[in-house]
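As you go down the protein sequences, you meet chains A and B in turn. Adding 179 to a residue's 1-based position in the first sequence gives its number in the working numbering. Adding 126 to a residue's 1-based position in the second sequence gives its number in the working numbering. All C-beta atoms in this analysis are idealised placements derived from N, C-alpha and C, irrespective of residue type, glycine included. Reviewing the structure listed below.
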Amino acid sequence: MRIKIDHTKCTGCKLCEVACSLQHTEAINPWRSRIRVFIGEDFCLPVIAGPYTEAACNAKGIVMVDGMEMDGCVVCRASCPVKTAFKEPDTAIPLKCDFCGEPPDPQCVRWCEADALTIVN
Amino acid sequence: MFGWKGKILRIDLSRGNCSVEDIAPDVRTDFIGGRGMGLKVLFDEVDPLIDPLGPQNKLIFSTGPLTGTGAPAGGRFIVVSKSPLSGAIANPCCGGYFGANLKFAGYDLLIIEGKSPEPVYIFIKNDLVEIRPAGNLWGKWTTETERQIRSDMMAESDAWEINNMSIVTIGPAGENLVKFACLMADGGRAAGRSGLGAVMGSKNLKAIAATGTGEVTIADVDGFKNAVMEFLEEGRENKALEKRRMWGTWSLPGRANKTGTQAALNFQTGYSEEFTKYEDPAYIRDRIRVRDEACFGCPFACSKRSRIADPEYPGTTKGPEHESMALLGSNCGFGGLDDICRANYLCNELGMDTITAGATFSCAMELFEEGYLPEKDIGYPLKFGNTEAMFELMKKTALRRDFGNLLAEGGKAVAEKYNHPELYMGIKGMGMPAWHPQGFEVIGLQYATNNVGGCHTKATLPFYEGRKDPAHGVEWTKKDQDYIAVVDCGVLCWIIYHGPLWGEKLLSWLGVTTGIDYTEEGLSLIGERIWNLERLFNLKAGLSAKDDCLPKRITDEPRVNNQVVHLDRMLPEYYRLRGWDEKGIPTPEKLEQLGLTKEGAGVK
Numbered sequence: 180m181r182i183k184i185d186h187t188k189c190t191g192c193k194l195c196e197v198a199c200s201l202q203h204t205e206a207i208n209p210w211r212s213r214i215r216v217f218i219g220e221d222f223c224l225p226v227i228a229g230p231y232t233e234a235a236c237n238a239k240g241i242v243m244v245d246g247m248e249m250d251g252c253v254v255c256r257a258s259c260p261v262k263t264a265f266k267e268p269d270t271a272i273p274l275k276c277d278f279c280g281e282p283p284d285p286q287c288v289r290w291c292e293a294d295a296l297t298i299v300n
Numbered sequence: 127m128f129g130w131k132g133k134i135l136r137i138d139l140s141r142g143n144c145s146v147e148d149i150a151p152d153v154r155t156d157f158i159g160g161r162g163m164g165l166k167v168l169f170d171e172v173d174p175l176i177d178p179l180g181p182q183n184k185l186i187f188s189t190g191p192l193t194g195t196g197a198p199a200g201g202r203f204i205v206v207s208k209s210p211l212s213g214a215i216a217n218p219c220c221g222g223y224f225g226a227n228l229k230f231a232g233y234d235l236l237i238i239e240g241k242s243p244e245p246v247y248i249f250i251k252n253d254l255v256e257i258r259p260a261g262n263l264w265g266k267w268t269t270e271t272e273r274q275i276r277s278d279m280m281a282e283s284d285a286w287e288i289n290n291m292s293i294v295t296i297g298p299a300g301e302n303l304v305k306f307a308c309l310m311a312d313g314g315r316a317a318g319r320s321g322l323g324a325v326m327g328s329k330n331l332k333a334i335a336a337t338g339t340g341e342v343t344i345a346d347v348d349g350f351k352n353a354v355m356e357f358l359e360e361g362r363e364n365k366a367l368e369k370r371r372m373w374g375t376w377s378l379p380g381r382a383n384k385t386g387t388q389a390a391l392n393f394q395t396g397y398s399e400e401f402t403k404y405e406d407p408a409y410i411r412d413r414i415r416v417r418d419e420a421c422f423g424c425p426f427a428c429s430k431r432s433r434i435a436d437p438e439y440p441g442t443t444k445g446p447e448h449e450s451m452a453l454l455g456s457n458c459g460f461g462g463l464d465d466i467c468r469a470n471y472l473c474n475e476l477g478m479d480t481i482t483a484g485a486t487f488s489c490a491m492e493l494f495e496e497g498y499l500p501e502k503d504i505g506y507p508l509k510f511g512n513t514e515a516m517f518e519l520m521k522k523t524a525l526r527r528d529f530g531n532l533l534a535e536g537g538k539a540v541a542e543k544y545n546h547p548e549l550y551m552g553i554k555g556m557g558m559p560a561w562h563p564q565g566f567e568v569i570g571l572q573y574a575t576n577n578v579g580g581c582h583t584k585a586t587l588p589f590y591e592g593r594k595d596p597a598h599g600v601e602w603t604k605k606d607q608d609y610i611a612v613v614d615c616g617v618l619c620w621i622i623y624h625g626p627l628w629g630e631k632l633l634s635w636l637g638v639t640t641g642i643d644y645t646e647e648g649l650s651l652i653g654e655r656i657w658n659l660e661r662l663f664n665l666k667a668g669l670s671a672k673d674d675c676l677p678k679r680i681t682d683e684p685r686v687n688n689q690v691v692h693l694d695r696m697l698p699e700y701y702r703l704r705g706w707d708e709k710g711i712p713t714p715e716k717l718e719q720l721g722l723t724k725e726g727a728g729v730k
């Protein structure tokens, strides 16, 4: 099972961040969410937290999305020492998507009204 | 405490310092947040007689208990101040992410007072608050300002942190104290009405950037989740909301025009030939839409980002919404989509309210065509539909150059200067919005009695069940005004929550979020208290019953549907229902019932 992201449908409402932080922390705080939405001027880009890497990579560069230049760190799913996203704000403990437990029921997908997030088996 | 953060951040720009204060629990429960709490602070701290552009005026950014919770369409904030355009209370509502970010930073309210000796912007990240020089930002258009602040931060933050930050800014219009300058947030959202951009400019404050890593808590988490799920499900079934999601307000210009109730040619008519093409909203969507753009926590994403192919207008902007299309388009005598987009783009970038800007230009156009305003004064043959002259003058208005210096004072000043005040289609100085009151009499009453002036967002448009019957129009007006006051306390979105459709939702959101057992009667009392306190502020500021009026064109000249608005019949009934005397002053009994006796002392 995985969560498929169609960024062309994303409206940037950030309800996925709300849903995720509510599920994992019982409060609303996008910085404690395992999914983040990057708001571009002409498009939005949801990114789901992947595994933690202990070192910052050397491959940091520019990635093209829809003809727009994007900071490679935005598209990257990893939580790493140099990135602010996907880390507990107070303790810097890395965060990773767990599909909202067993059985998997990702809340971000349930709250996404734009169908930018869908479950693919 | 749930929902609220319970804190006020107060920044004194004169002294260059800031402080954090607690919000008293009874103020929270009695005024909820947003429009209510901001009003309470303004009323307690600001003398209504001050010069709105002087250092004694305050600019209050006010969120509500629902802001930042993800309660659908509840991510907004209100800016409360005294308006330089009307001299009355001002409380424009704005979307985007700024409200939510202010909450995550730990504050319900942000109060800006005093005046900085030089241009500055404010940076807020949790409890780090800095007043930073903005010399390099002064004079820049709004999008450029935002970009510059973000790019200046690259040295200290990473891409996510910069992206998460929300920025409210003014354009050149605000800097130059244009009376209808607005605040722009997050690349295209506007706190538009009332000219608060000029108040921000008068404080030498160019922008506010806010971000926070804190949380907003909910009293009943499971109840909240269930309520959201239920709401989303209902929302999918709801035809009206489906339309909003698809078209935003783009379904309205064609509809209003078809029924002949669209502001056209300075409200001389209600119909524009060029607008017939908008009867199919796909005409607009297919041509200019880039993407749907949601505010924080809104599943409906009604606002649309747009682009036109014209190198002089690069990039994208938000809108044009219905009101902008009508006031800047049909009301100024043109209807081409690209031209309307250009006008909307200029307003957004220069930081001007599209509605009052449109009303001001249409007034100048009529004055010119009638021969009251000579071309040598304007510098252009400002006929209806002369877009080229209009766009040039818009830029000059923002900079207060040439004739733009007079236009910057608003249409009322222009019409008065040329001895035809009756030709400005505004109320309390503020331009009237798109729906022609002669299409729906009750709208006339709503515009006339609105505490902020000619504005459509403080009551419910009379298309909804029960509201069409003029016999009950006055009653509904009072009821809806009180209800919307509470919606604005949430701060929920007027677009989604007005009308009978979602009225009952308000209660459940406030209940599950704050844990306080609000009742329907309790909330309507709060709404009424807010409406009356705003009225008291206006009365103390020198406004009176004679300001509850409509342009003569609306009350005396049947232009649309062969109908005039009988304000003289509705107004006494309205005052009576409000518990006000014939001069529109709240009676002592009413004030006592609302707990406002102290506030109302000495008002006459």
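- Annotation for Ile241(A): the continuous beta strand (DSSP E) segment containing it runs 241–244.
- Counted as a single uninterrupted DSSP element, the stretch harbouring Ala515(B) is not any beta strand (DSSP E) but the alpha helix (DSSP H) occupying residues 513–525.
- For the options Ile238(B), Gly221(B), Leu633(B), the alpha carbon positioned closest to that of Glu256(B) is the one of Ile238(B).
- Against chain A, the CB of Ala597(B) has no partner CB under 8 Å away; the residue lies outside that interface.
- Along the region 207–223 of chain A, going in chain order, the ones with a CB nearer than 8 Å to a CB of chain B are Ile207, Asn208, Pro209, Trp210, Arg211, Arg215, Phe217, Ile218, Glu220, Asp221, Phe222, Cys223.
- A distance of 8 Å or more separates the beta carbons of Ala260(B) and Lys329(B).
- Taking a C-beta distance under 8 Å as the contact criterion, Ser320(B) and Ser209(B) qualify as a contact pair.
- Under the three-state reduction of DSSP, Gln689(B) is assigned to strand.
- DSSP places Phe187(B) within a strand segment (E or B) once states are collapsed to three.
- The closest CA to that of Phe566(B), considering only Pro547(B), Tyr590(B), Glu548(B), is found on Tyr590(B).
- Between the C-alpha atoms of Glu399(B) and Pro507(B) there is a straight-line separation of about 23 Å.
- The alpha-carbon separation between Lys251(B) and Asn470(B) amounts to approximately 32 Å.
- For Asp284(A), there are no neighbours in chain B by C-beta distance under 8 Å, as the nearest C-beta there is about 12 Å away.
- The C-beta of Phe230(B) comes closer than 8 Å to at least one C-beta of chain A.
- Setting aside the 5 residues that flank it on each side, Thr339(B) is surrounded in the same chain by Phe230, Asn252, each with a C-beta closer than 7 Å to its C-beta; the list follows chain order.
- Thr268(B) is a Cβ neighbour of Glu475(B), given a cutoff of 8 Å.
- Take the alpha-carbon of Ala257(A) and the one of Gly229(A): they are about 5 Å apart.
- In the DSSP secondary-structure assignment, Asp418(B) is bridged to Lys430(B).
- With a minimum length of 3 residues, the unbroken runs of beta strand (DSSP E) contained wholly in the region 228–270 of chain B fall at 235–239, 246–251, 254–259.
- Secondary structure note for Thr297(A): its beta strand (DSSP E) is the uninterrupted segment 296–299.
- Taken through DSSP and simplified to helix, strand or coil, Met127(B) comes out as coil.
- Against chain B, a Cβ distance below 7 Å from Cys236(A) picks out nothing, because the smallest value is about 14 Å.
- Within the region 175–223 of chain B, the complete beta strand (DSSP E) segments of 3 residues or longer fall at 185–188, 203–208, listed in chain order.
- Ser377(B) and Tyr404(B) have their alpha carbons spaced roughly 8 Å apart.
- Per DSSP, reduced to three states, the secondary structure at Lys305(B) is coil, with no helix or strand assignment.
- In this model, Arg417(B) and Ile176(B) are separated by some 43 Å (Cα to Cα).
- With distances taken between CA atoms, Arg215(A) lies nearest to Val226(A) out of Cys287(A), Glu205(A), Val226(A).
- Taking Ala324(B) as reference, the option from Gly313(B), Ala307(B), Arg315(B) with the minimal CA-CA separation is Ala307(B).
- With respect to the 8 Å criterion, Leu235(B) and Ile186(B) are classified as neighbours on the basis of their beta carbons.
- Inter-residue distance for Met291(B) and Phe422(B) is about 13 Å (C-alpha atoms, whole angstroms).
- Taken through DSSP and simplified to helix, strand or coil, Phe169(B) comes out as helix.
- Met163(B) and Met247(A) have their alpha carbons spaced roughly 42 Å apart.
- Between Gly580(B) and Lys554(B), the C-beta gap is smaller than 8 Å, which places the two residues in contact.
- With a 10 Å radius around the Cβ and a threshold of 16 neighbouring Cβ atoms, Arg202(B) comes out buried.
- Nearest Cα to Asn687(B) within the set Ile610(B), His562(B), Gly648(B), Arg661(B): His562(B).
- Interface annotation, Cys252(A): in contact with chain B, CB-CB separation under 8 Å.
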